[in-house]
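Visitor: Here full-length UniProt numbering is used: the first residue of the sequence shown is 1, the next is one more, and so on. Every residue, glycine too, gets a C-beta built ideally from N, C-alpha and C. My questions all concern the structure below.
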Amino acid sequence: MKVKCLFKQVDEKHLHAEVDLMLWSPKMDLIALSMATGEVCLFRLSWQKVWSIPKINENVFVSCLAWRPDGKVLSVGHTNGKVKLYSIEDASLIIEHNISDKPITSMCWVADSSPDKPIPENVKYSFESLKLHDGFKDASSEYLPELPPLQNSQEGCKSTANIMRLKDLNNLNILVISSASFVKFYAFGIISIGYLDTYRDIKEILNVNLSDSLVIFNVVGLSAKDSDVIVLITHNCEELSKNKEEIKLMSLKLGEVLTLIKYMFEVIKQMSEVWEDILLEIESKLKKFAKDKFEASGHSLRYELLRLLLYGNPSDDLKIFMQFDLKKQTLTKLGNSVQNSYSQIQKLLVKNFTIVVEKILFHLTGLLGLSRWPDKFLDLGLDEKLLEEAMSTTGALIIKSNEVQRVIDVSIRNFSAFYAWLYPIKMKLSGEVSSPNLANSGNLNQQEINFVAQFINENFSSEEDVKLEKVGQYLRNEDLSNPVSAPNIPWETFLDNYACSFSSSHRTFFYDSCKNNSLIQVANMMQKNFHFVLEKCATKIKDFFKITHTQNFSYSSLSSSVTHDLKFTVTSLNMGNASSDQHLLYSIVCLPVLKKNFYLLKQEAGLAFSIANLSFKEPDMPEAFDVIDRSFYDSHSISLLLQDDNSPKVIHYNLSCLVPYLKPAGNGMDLSDVPQETICEAMEEGERCKILENMKASKFAISGSRKVACVLFSSRKRVRIFLTDVEEEDEDDEDVATVSINNSKLSGQEESHSAVNASNMRVDGGNDDDNGGDIDKENSDSV
């Protein structure tokens with residue numbers, strides 16, 4: 001016979017460090033843990049470690065966690081005011097937000113759950129119907145080329161086309177972050193779309209909550225005027241909900257540009273790694289020889305090389321230099337390295353860099369079009385002028401990449417001819433036979449002689465100066481040391497002569513070639529201009545939030561009974577039905593000094609708060625249970641972790657059962673004036689209650705969406721894992737269940753031994769319960 005129960009234990013595990021925070025994924029059976037050591041770990045329900053992230057530094061710890069609603073990204077808030085987003089697939093850092101220099105106090109991440117509005121008959125075939133049905137669907141991926149994957153030395157072949165994890169997101173989701181007394185909003189956790197810093201009456205924000213319908217926003221904090229007052233502020237943000245499709249489209253396009261910029265700088269990084277400084281070694285030797293030669297005879301190195309090219313006989317000084325200073329090994333390495341490195345840089349430019357910059361320009365053009373749609377996007381902060389400046393520097397970057405390609409083409413061509421001419425001469429002067437492929441290279445044709453002469457004229461231009469290397473200067477963040485002369489391009493000649501006669505709006509698209517700037521400098525300019533666009537978008541959304549209600553609660557009588565500062569724990573649940581415009585806010589307010597009760601607050605949209613002071617006991621108990629932890633199980637129920645002199649209990653209550661205890665709350669009400677309501681009932685193990693035997697609990701994490709729970713022991717280094725809302729075997733099947741459990745334990749031991757034996761195949765290099773490394777590849781592959 002099957003009996004429904006609240007909890008069914010599936011495992012018990014030890015941990016390598018004390019646990020501070022626990023949070024279940026909303027979509028997968030994964031739990032994120034922050035340790036007292038500062039690291040963050042991700043475990044499966046079976047308690048296999050997927051990956052771990054080491055602490056930032058000695059003085060920085062994790063202050064809060066939040067999951068993206070689809071469960072694919074984990075947000076980690078730190079005590080140094082930074083928030084980092086990690087992909088659950090490989091623990092890679094997606095983006096980092098510098099919120100403030102104060103600790104992150106609260107985060108919530110919600111996805112729009114409003115139902116799609118029906119399309120009226122009169123707009124069914126209009127653009128408005130396209131907006132309602134497709135949500136401004138961006139189809140650029142269907143005709144723009146895909147970005148080739150980049151070869152990463154640490155991770156192998158790596159594609160960064162979805163590095164921001166924005167692909168296949170159909171609904172808008174918003175990450176809300178609070179620190180000190182202000183709040184920031186990030187669309188998809190990536191794009192800053194606004195902030196609120198008007199809470200002058202709040203000293204520190206304790207909790208933020210945005211409804212799934214994006215209509216109600218609530219803030220709970222400590223009063224700045226009176227240290228014994230809690231402030232609850234309710235906002236109406238219907239304008240945010242009305243503009244959700246526009247915000248979604250804008251944010252996805254901005255996020256796409258951010259992704260492409262990150263890809264672009266990864267390409268630049270790889271080009272810098274490919275470039276070798278072997279030419280600089282030869283260049284330094286030639287500079288020294290040129291200087292000594294000019295001081296001794298007044299002749300330049302260019303004169304000596306051209307004389308050698310024309311007559312075939314070097315001067316005595318040049319002969320000595322080539323015999324003793326210019327080593328054969330160095331010259332051989334020079335020929336191979338320059339050809340290989342320049343070819344690889346050119347390949348990255350053509351196949352990766354140019355494509356990604358052109359895609360950036362495409363999306364910026366799309367954003368510019370949106371900025372010229374004022375009734376839809378003006379209030380979202382898209383600035384036409386800032387976008388034009390970003391497009392201008394992006395166009396300049398395309399021109400600069402073409403310039404680098406020309407320089408590489410000419411350098412490879414001329415240097416190959418110069419090397420083919422010089423190497424046999426070196427071998428002849430050294431008394432050696434040159435390699436077979438260069439045996440006849442001294443017999444140059446007229447075109448090759450012209451290339452050699454051009455190389456000598458360009459690289460040995462002054463009496464004492466030698467500049468062989470022209471590609472590496474583009475990969476340094478400084479002005480070009482040897483700007484190349486641009487070819488005679490009719491379009492540039494036309495712009496130089498007539499651009500001033502065009503209006504300023506037209507001159508925006510006459511892209512500057514930035515002749516004296518390196519490729520990295522122009523890329524940095526483009527990134528800086530795009531960040532100006534992002535900053536402007538982050539200033540407008542604050543106008544969407546209107547404060548509708550402010551509620552103060554005093555706890556002066558409670559604070560006078562303790563000598564230390566009271567640290568509140570606030571948990572909020574914002575539930576609503578967007579179709580009927582009914583919204584409810586439930587908040588649990590707890591004070592450590594009050595161990596046996598907590599306050600439950602409720603507010604309906606536009607109405608005052610009601611409050612209840614709740615405690616729990618059994619009929620034969622002299623006093624109430626200690627309330628160790630509490631959490632909303634789902635949108636309709638609450639779970640409590642209770643403790644008496646015996647074993648702790650987890651009990652499950654429907655919120656509707658607690659509503660009768662709520663009483664109207666006056667503004668400024670002292671919490672000590674709220675009468676305590678004791679719920680007295682027998683708590684026997686069954687559908688609503690689970691007795692946790694042989695343990696002393698300290699906190700728990702529970703998820704109604706995944707029907708899982710994790711209870712932490714008081715040592716904070718040991719956990720029990722449970723399934724919730726399951727059916728358990730009755731006593732008639734107890735023997736069968738016992739045999740099954742024993743077999744499961746035996747199988748688990750075998751798996752544990754197998755995992756230890758295979759530890760050399762895992763990045764974290766150890767047992768799942770011990771201190772591990774960064775990623776458990778075996779377990780993360782199937783996340």
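Would Met22 and Ala701 qualify as a contact pair, given that the criterion is a beta-carbon distance under 7 Å?
Guide: Here residue 22 refers to the residue found at position 22 when the sequence shown is read from its first residue. Here residue 701 refers to the residue found at position 701 when the sequence shown is read from its first residue. In contact: Met22 and Ala701 (Cβ atoms closer than 7 Å).
Visitor: Can you find the residues in the same chain that come closer than 8 Å, C-beta to C-beta, to Ser401, ignoring five residues on each side of it along the sequence?
Guide: In the sequence shown, residue 401 corresponds to position 401, counting from 1. Same-chain partners within the cutoff: Leu349, Phe353, Thr354, Val357, Leu519.
Visitor: How many Å lie between Glu448 and Asp496 at the Cα?
Guide: Taking the sequence shown and counting its residues from 1, one reaches residue 448 at position 448. Taking the sequence shown and counting its residues from 1, one reaches residue 496 at position 496. When rounded, the distance between both Cα atoms is 34 Å.
Visitor: Along the chain, where does the beta strand (DSSP E) containing Asp629 start, and where does it finish?
Guide: Your numbering for residue 629 matches position 629 in the sequence shown. Start and end: 626–634.
Visitor: Report the three-state DSSP secondary structure of Val19 (helix, strand or coil).
Guide: In the sequence shown, counting from the first residue as 1, residue 19 sits at position 19. Here Val19 sits in strand by DSSP.
Visitor: Kindly indicate which three-state DSSP category Lys536 falls into: helix, strand or coil?
Guide: In the sequence shown, the residue the question calls residue 536 occupies position 536. Helix at Lys536.
Visitor: Taking C-alpha atoms, which residue in Lys707, Lys602, Asp629 lies nearest to Lys663?
Guide: Here the question's residue 663 lines up with position 663 in the sequence shown. It is Lys602.
Visitor: DSSP three-state label for Met107, please.
Guide: Residue 107 sits at position 107 when you count from the first residue of the sequence shown. Strand, per DSSP.
Visitor: Leaving out five residues on either side along the sequence, give the residues of the same chain with a beta carbon under 7 Å from the beta carbon of Asp228.
Guide: Position 228 of the sequence shown, counted from the first residue, corresponds to residue 228. Here the set comprises Ser554, Tyr555, Ser556, Ser559.
Visitor: State the start and end residues of the unbroken alpha helix (DSSP H) segment that holds Val274.
Guide: To locate residue 274, count along the sequence shown from 1; it is residue 274. Residues 244–274.
Visitor: Please classify Asn646: does DSSP put it in a helix, a strand, or coil?
Guide: Working through the sequence shown from its first residue, we reach residue 646 at position 646. Three-state DSSP puts Asn646 in coil, outside helix and strand.
Visitor: Below 7 Å between beta carbons: does that hold for Tyr186 and Leu196?
Guide: As a first step, residue 186 is located in the sequence shown; it is residue number 186 there, counting from the start. As a first step, residue 196 is located in the sequence shown; it is residue number 196 there, counting from the start. No, Cβ-Cβ distance for Tyr186 and Leu196 is not below 7 Å.
Visitor: Leaving aside the five residues before and after Ala396 along the sequence, list all residues of the same chain whose C-beta is less than 8 Å from its C-beta, in chain order.
Guide: By one-based count along the sequence shown, residue 396 stands at place 396. Cβ neighbours of Ala396 beyond the five flanking positions: Tyr511, Asp512, Ser513, Cys514, Val522, Met525, Met526.
Visitor: Could you name the residues of the same chain whose beta carbon sits closer than 7 Å to that of Lys8, not counting the 5 residues immediately before and after it, in chain order?
Guide: Along the sequence shown, one-based indexing puts residue 8 at 8. Once the five neighbours on either side are set aside, the close Cβ partners of Lys8 are Phe722, Leu723, Val726, Glu728.
Visitor: Taking the continuous alpha helix (DSSP H) assigned at Ala396, which residues delimit it?
Guide: As a working mapping, residue 396 is identified with position 396 in the sequence shown. Run containing Ala396: 384–429, per the alpha helix (DSSP H) assignment.
Visitor: Rank Trp47, Val471, Tyr661 by C-alpha distance to the C-alpha of Gln346 and give the top, closest one.
Guide: On the sequence shown, position 346 is the one that residue 346 refers to. It is Val471.
Visitor: Quick test of your reading: Cys108 and Ala66, contact by CB under 8 Å. State the CB separation rounded to the nearest angstrom.
Guide: Numbered from its first residue, the sequence shown carries residue 108 at position 108. Numbered from its first residue, the sequence shown carries residue 66 at position 66. Contact holds; Cβ gap of about 6 Å.
Visitor: If you draw a straight line from the alpha carbon of Gly668 to that of Ile651, how long is it in whole angstroms?
Guide: Against the sequence shown, residue 668 aligns to sequence position 668. Against the sequence shown, residue 651 aligns to sequence position 651. Their Cα atoms are separated by approximately 32 Å.
Visitor: CB-CB under 8 Å to Ile320, same chain, minus the five flanking residues each way: which ones, in chain order?
Guide: For the purposes of this step, residue 320 is taken as residue 320 along the sequence shown, with counting starting at 1. Closer than 8 Å at the Cβ level, and outside the excluded window around Ile320, lies no residue.
Visitor: Take the Cβ of Gly369 as the centre, count every other Cβ of all protein chains shown within 10 Å, and call the residue buried at 16 or more, exposed below.
Guide: The residue you call residue 369 lines up with position 369 of the sequence shown. Label assigned to Gly369: exposed.
Visitor: Apply the 10 Å Cβ neighbour rule to Tyr586 and answer buried if 16 or more other Cβ atoms are within range, or exposed otherwise.
Guide: If you number the sequence shown from 1, residue 586 lands on position 586. So Tyr586 ends up on the buried side.
Visitor: If you draw a straight line from the C-alpha of Leu45 to the C-alpha of Gly194, how long is it?
Guide: If you number the sequence shown from 1, residue 45 lands on position 45. If you number the sequence shown from 1, residue 194 lands on position 194. Cα to Cα, the separation comes out at about 37 Å.
Visitor: Could you have a look at Glu604 and say whether DSSP puts it in helix, strand or coil?
Guide: Position 604 of the sequence shown, counted from the first residue, corresponds to residue 604. Glu604: strand per DSSP, three-state reduction.
Visitor: For His78, is the classification buried or exposed, using 16 other Cβ atoms within 10 angstroms of its Cβ as the cut-off for buried?
Guide: Numbered from its first residue, the sequence shown carries residue 78 at position 78. Answer is buried; the Cβ neighbour count reaches 16.
Visitor: Bridge partners of His97, per DSSP?
Guide: Residue mapping note: residue 97 aligns to position 97 of the sequence shown, counting from 1. Paired residue(s): Val83.
Visitor: Just how far apart, CA to CA, sit Gln405 and Asn482?
Guide: On the sequence shown, residue 405 is found 405 positions in, with the first residue counted as 1. On the sequence shown, residue 482 is found 482 positions in, with the first residue counted as 1. Between Gln405 and Asn482, the C-alpha separation is close to 16 Å.
Visitor: In whole angstroms, what separates the C-alpha of Glu693 from that of Glu685?
Guide: For the purposes of this step, residue 693 is taken as the residue at position 693 of the sequence shown. For the purposes of this step, residue 685 is taken as the residue at position 685 of the sequence shown. Roughly 11 Å between the two C-alpha positions.
Visitor: Which same chain residues end up closer than 6 Å to Leu33 when comparing Cβ atoms and leaving out the 5 residues on each side of it in sequence?
Guide: In the sequence shown, counting from the first residue as 1, residue 33 sits at position 33. Cβ within range, chain order: Val19, Met22, Cys41.
Visitor: Between Leu222 and the rest of its own chain, which residues show a CB-CB distance below 6 Å, the 5 nearest in sequence each way excluded?
Guide: Counting from 1 along the sequence shown, the entry for residue 222 is found at position 222. Cβ neighbours of Leu222 beyond the five flanking positions: Lys203, Glu204.
Visitor: Report yes if the C-beta distance between Leu172 and Lys269 is below 7 Å; otherwise report no.
Guide: Start at 1 with the first residue of the sequence shown, and residue 172 comes out as number 172. Start at 1 with the first residue of the sequence shown, and residue 269 comes out as number 269. Against a cut-off of 7 Å, the Cβ pair of Lys269 and Leu172 comes out as no contact.
Visitor: With Pro148 and Lys351 assumed to form a contact (beta carbons below 8 Å), what rounded beta-carbon distance in angstroms separates them?
Guide: Against the sequence shown, residue 148 aligns to sequence position 148. Against the sequence shown, residue 351 aligns to sequence position 351. Yes, Pro148 and Lys351 are in contact; Cβ-Cβ is about 6 Å, under 8 Å.
Visitor: Quick check on this structure: which residue in Ser639, Phe182, Ser141 has the alpha carbon closest to the alpha carbon of Asn630?
Guide: Here residue 630 corresponds to residue number 630 of the sequence shown, with the count starting at 1. A quick correction: the sequence has Arg, not Asn, at residue 630. Minimum Cα distance to Arg630 is reached at Ser639.
Visitor: Under 8 Å by Cβ, that's how I've got Phe415 and Leu301 pegged, so tell me the actual separation to the nearest angstrom.
Guide: Translated into positions along the sequence shown, residue 415 becomes position 415. Translated into positions along the sequence shown, residue 301 becomes position 301. At roughly 16 Å, the Cβ-Cβ gap does not stay under 8 Å, so Phe415 and Leu301 are not in contact.
Visitor: Would you kindly check if the distance between the Cβ of Val220 and the Cβ of Val183 is under 7 Å?
Guide: Walking along the sequence shown from the start, residue 183 turns up at place 183. Walking along the sequence shown from the start, residue 220 turns up at place 220. Taking 7 Å as the Cβ cut-off, Val183 and Val220 do not qualify as a contacting pair.
Visitor: Which residue comes first and which comes last in the alpha helix (DSSP H) that contains Ile541?
Guide: Taking the first residue of the sequence shown as position 1, residue 541 is located at position 541. Element bounds for Ile541: n/a, residue is neither H nor E.
Visitor: In chain order, what residues of the same chain lie with their CB nearer than 7 Å to the CB of Ser430, ignoring the 5 residues before and after it?
Guide: If you number the sequence shown from 1, residue 430 lands on position 430. Here the set comprises Gln323, Lys328.
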